[in-house]
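What follows is a short report on a single structure.
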Amino acid sequence: HTTINMFSKICLFALLALVAAKRPPRFPQDFKWSYAGPVRGWRCTHIVEPSEPRQTTWHDNYFCQHPGTADIGTVWSYRGRVKGKRCVRIYEGADPHTWNDNYLCTNHKAPKMRWSFNGPKGACVRWKKSKLRIDREPGWTTTCAGLKLEHAENID
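Be aware that the sequence shown starts at 213, since it is given in the numbering used here, and climbs by one per residue.
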């Protein structure tokens, strides 16, 4: 009788774990860019370059992932790659404010990312500034920057 009770508890625990498991994120619909602070209820990573002048409005930019999806462990670095993470360099050659060492990093089970500052190559999440402030910042236009995730089926 004790064995059956233990087996029932293990099965219930396994079932609950399965129900609580989150699905892999789909690209691009499970990701958003926000130039107006974090998206409420979403898992957001602050994208900031401290050497940017305040008037360029990079202080309130976020890359966000849908909360109902498996966390890909997104981390932002403005000081080079993050050890133990898979990173993609985020670079805009026309921007003079040290965007040469900035990386968006994820865990190794996340889909591979590719950055393009010459326009989207396939589905992308566009990184853009406020439409009212875009002309203050060289290179960051609403049509030229995109982030593409590759092989979304590789998330466990």
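Positions of the beta carbon are idealized from the N, C-alpha and C atoms, including for glycine.
Since the model is a prediction, treat every value here as computed from it, not as a measurement.
- Look at T257 here: in three-state DSSP terms it is strand.
- Contact check between the segment 265–276 and the segment 320–327: fewer than three CB pairs, one atom from each, fall below 8 Å, which does not count as touching.
- DSSP, read as helix, strand or coil, puts R326 in strand.
- Under the 10 Å beta carbon count, N312 is surrounded by fewer than 16 other beta carbons and is classified as exposed.
- By the criterion of at least three beta-carbon pairs nearer than 8 Å, the segment 243–258 is not in contact with the segment 293–302.
- For G253 and I284, the gap between their C-alpha atoms comes out near 16 Å.
- Ranked by how close their Cα comes to the Cα of G280, the residues N319, P237, G249 have P237 in first place.
- Setting aside the 5 residues that flank it on each side, Y303 is surrounded in the same chain by W311, N312, N314, W327, F329, each with a C-beta closer than 8 Å to its C-beta; the list follows chain order.
- If you ignore the 5 residues before and after R235, its C-beta comes within less than 8 Å of the C-beta of G280, T281, A282, all in its own chain and listed in chain order.
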